[in-house]
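Numbering (our numbering), first residue to last: 874 to 1332.
Reviewing the structure listed below.
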Amino acid sequence: MQNHRKPTSPVRIGALRKHFPRVHALTAGAAACVLVLAVFIPTPEVEAKRMPLDVNLSSLDEDTLKVDRKLVAVSPQQGIPLASATVEAIQSLNLTVRNGDTLSDLFKRAKVSAGEMYQLLGSGKEAKKLARLTPGEELTFKVDSEGQLHSLELQRDRLNQVKFTRAEGNDFQHTLVQREPDSHPAYRLAQIDSSLFVAGSEAGLSDSLIMEMADVFSSDIDFALDIRKGDTFSVMFEEKFLDGEKIGNGPILAVSFTNQGRTYSAVRYIDSSGDANYYTPEGKSMRKAFIRTPLDIVRISSHFNPRRLHPVFKSRRPHNGTDYAAPRGTPVYSTGDGRVIASGYSKPNGNYVFIQHGERYVTRYLHLTKRKVKKGQRVKQRQVIGTVGSTGYATGPHLHYEFLVDGRHRNPATIVRQLPKAKSVPSSEMTRFKNQTQPLLANLENYQGPALAKLDENN
Ligand SMILES: [Zn+2]
């Protein structure tokens, strides 16, 4: 199933940009209390201030409009403003970015002067990003009675908000607010009748979750050849919710697959350096230290003959790697976890990346169109490090891939089988591993037992 692998996709935020609840972390705290008091105990002064504003702004038809008051000083006992002179009316206007809208269009609709906009844009890096707006995003303008921008809030998506507030000296300060969705564990069990994907989707699993599962077991089970009718699997994964509504899936936490009567189990563990990987319940890694090819197999159009005459030099130069012909721009993966020891350009190699894996192994990737990593950077297995190209001495787009063990070239096509699996959980971390993973495996077991019994009843 290697050709089905995809990087785990994060929650697709783009689809969720509509109907943003006006919940802001910023309203929390004392400021909110002050506001609430003011709304419930209006004073004549406040009422008087509100009237002309409502009239002035009634022409803004489809945009929601609300008026709230910022009270500078409030007596906490009575909830009554101490001095009416400190009452200042702030008008709040909520606009949604439409197709083709620019920031100045929105300022015009909010009736805030261009001068204010340039002042805001000039206030720093984060403010400059306001120039890039996406339809569906929401902006909340807060303007004082003199038409001066008091604050501007941008809701980029359901989870991310940035707020600019006028500070002293007419400058703007910003705060970024990121909401965390709630995560709850979910469980599914399926029995394969015709195919893995049919069984998975009938059990309510998304395709990406099925691929994730196949990926976890890919070094133990060949999902193209080994799957049989009657195989079962159960999976525990995270579901993510925001304000009670499901917004996506998190990772698989624990999974069990029974293939031809043999059961494999895996559990997700976040190690002490923060890396998440899948292990057997005993702490052995589920994956190989290296994947077989640095490209998705479906993208490879041919393997070059290594004994061919060199296309540029027309001589039989020693050829120390494997050449994979693939369309220009095809992503190139690091075949293992490691550190980039070189990322550069030379006349023969074109754009190249060299990666060191542990003490003994180095992989090399040549003729790239683009390099996506820098020297010194740590990379994960399957991380995209560049794209296929024909830079350097290359006649057409292909990837030249080398695998070195203790400084000597080895055949990448055959070496992988001889290499050990990725690192097991070190014994020093075993207690930590058990504490984190045993509850997950127990939960999956508790779910799986009754669910399997029920499956047998129905059959
Ligand atoms: Zn080559």
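We treat Cβ as the ideally placed atom computed from N, Cα and C, and that holds for glycine.
task = Report the option in K1296, P1299, P1285, T1131 whose CA atom is closest to the CA atom of Q1321.
result = Locating residue 1321 in the sequence shown gives position 448, where the first residue counts as 1. The shortest Cα separation from Q1321 among K1296, P1299, P1285, T1131 belongs to T1131.
inquiry  = Please report the distance separating the alpha-carbon of K1296 from that of K998.
reply    = In the sequence shown, the residue the question calls residue 1296 occupies position 423. In the sequence shown, the residue the question calls residue 998 occupies position 125. Computed Cα separation, rounded: 42 angstroms.
task = Would you check whether ligand 1 has a heavy atom nearer than 7 angstroms to the C-beta of G1223?
result = Your numbering for residue 1223 matches position 350 in the sequence shown. Not under cutoff, so the answer is no.
Outcome for L1027 when other beta-carbon atoms lying within 10 angstroms are tallied against a minimum of 16 = By 1-based counting over the sequence shown, the position of residue 1027 is 154. Flag for L1027 reads buried.
request  = Indicate, with yes or no, if ligand 1 has a heavy atom lying under 7 angstroms from the CB of H1282.
outcome  = Here the question's residue 1282 lines up with position 409 in the sequence shown. No, since every heavy atom of ligand 1 falls outside the 7 angstroms radius drawn around the Cβ of H1282.
inquiry  = What does the Cβ neighbour count give for N1284, buried or exposed, with the cut at 16 atoms within 10 Å?
reply    = Numbered from 1 along the sequence shown, position 411 holds the residue referred to as residue 1284. Exposed.
request  = Verify whether the separation of the beta carbon atoms of Y1197 and R1255 is less than 8 angstroms.
outcome  = On the sequence shown, position 324 is the one that residue 1197 refers to. On the sequence shown, position 382 is the one that residue 1255 refers to. It is not a contact, given that the beta carbons lie outside the stated cut-off.
inquiry  = Contact defined as beta carbons within less than 8 angstroms: I believe L979 pairs with L1032. What is the distance between those atoms, to the nearest angstrom?
reply    = Taking the sequence shown and counting its residues from 1, one reaches residue 979 at position 106. Taking the sequence shown and counting its residues from 1, one reaches residue 1032 at position 159. At roughly 22 angstroms, the Cβ-Cβ gap does not stay under 8 angstroms, so L979 and L1032 are not in contact.
request  = Can you grab the Cα-Cα spacing for the pair T1195 / T1236, in whole Å?
outcome  = Position 322 of the sequence shown, counted from the start, is the residue given in the question as residue 1195. Position 363 of the sequence shown, counted from the start, is the residue given in the question as residue 1236. Each residue's alpha carbon lies about 11 angstroms from the other.
key: Residues near T1260 by beta carbon distance below 7 angstroms, same chain, minus five either side   = For this step, residue 1260 is matched to residue 387 along the sequence shown. Correct list, in chain order: G1202, T1203, P1204, V1205, L1241, T1242, K1243.
query = When the Cα of Y1234 is compared with those of G1121, R1281, I1125, D1080, which residue comes out closest?
reply = If you number the sequence shown from 1, residue 1234 lands on position 361. Considering only alpha carbons, the answer is R1281.
inquiry  = What would DSSP say about S1297, mapped onto helix, strand or coil?
reply    = Taking the sequence shown and counting its residues from 1, one reaches residue 1297 at position 424. S1297: coil per DSSP, three-state reduction.
ask   = How many angstroms separate the CA atom of E1053 from the CA atom of R1160?
value = Within the sequence shown, numbered from 1, the residue matching residue 1053 stands at position 180. Within the sequence shown, numbered from 1, the residue matching residue 1160 stands at position 287. Rounded to the nearest angstrom, the two C-alpha atoms are 30 angstroms apart.
ask   = Among H1047, Q1133, F1090, which has the Cα closest to the Cα of E1066?
value = Here the question's residue 1066 lines up with position 193 in the sequence shown. Per the sequence shown, residue 1066 should be read as Asp rather than Glu. Checked all of H1047, Q1133, F1090; the closest Cα to D1066 is Q1133.
task = Please specify which runs of the beta strand (DSSP E), each continuous and at least 3 residues long, are wholly inside the stretch 1190 to 1221, giving them in chain order.
result = 1195 to 1198, 1204 to 1206, 1211 to 1219
S1074: first and last residue of the uninterrupted alpha helix (DSSP H) it sits in = Walking along the sequence shown from the start, residue 1074 turns up at place 201. Taken as a continuous stretch (DSSP letters only), the alpha helix (DSSP H) holding S1074 covers 1069 to 1075.
key: Host alpha helix (DSSP H) of M1303 (start-end)   = Position 430 of the sequence shown, counted from the start, is the residue given in the question as residue 1303. 1303 to 1331 is the extent of the alpha helix (DSSP H) around M1303.
task = State the Cα-Cα distance for the pair L1277 and A1162, rounded to the nearest angstrom.
result = The residue given as residue 1277 occupies position 404 in the sequence shown. The residue given as residue 1162 occupies position 289 in the sequence shown. If you take the alpha carbons of L1277 and A1162, they lie about 14 angstroms apart.
ask   = Which value, in whole angstroms, describes the spacing of the CA atoms of H897 and K1102?
value = Reading the sequence shown from its first residue, position 24 is the one you call residue 897. Reading the sequence shown from its first residue, position 229 is the one you call residue 1102. Note that H897 scores a pLDDT of 39, beneath 50, so its modelled location is shaky; the value from the coordinates is reported in the next line. Cα to Cα, the separation comes out at about 51 angstroms.
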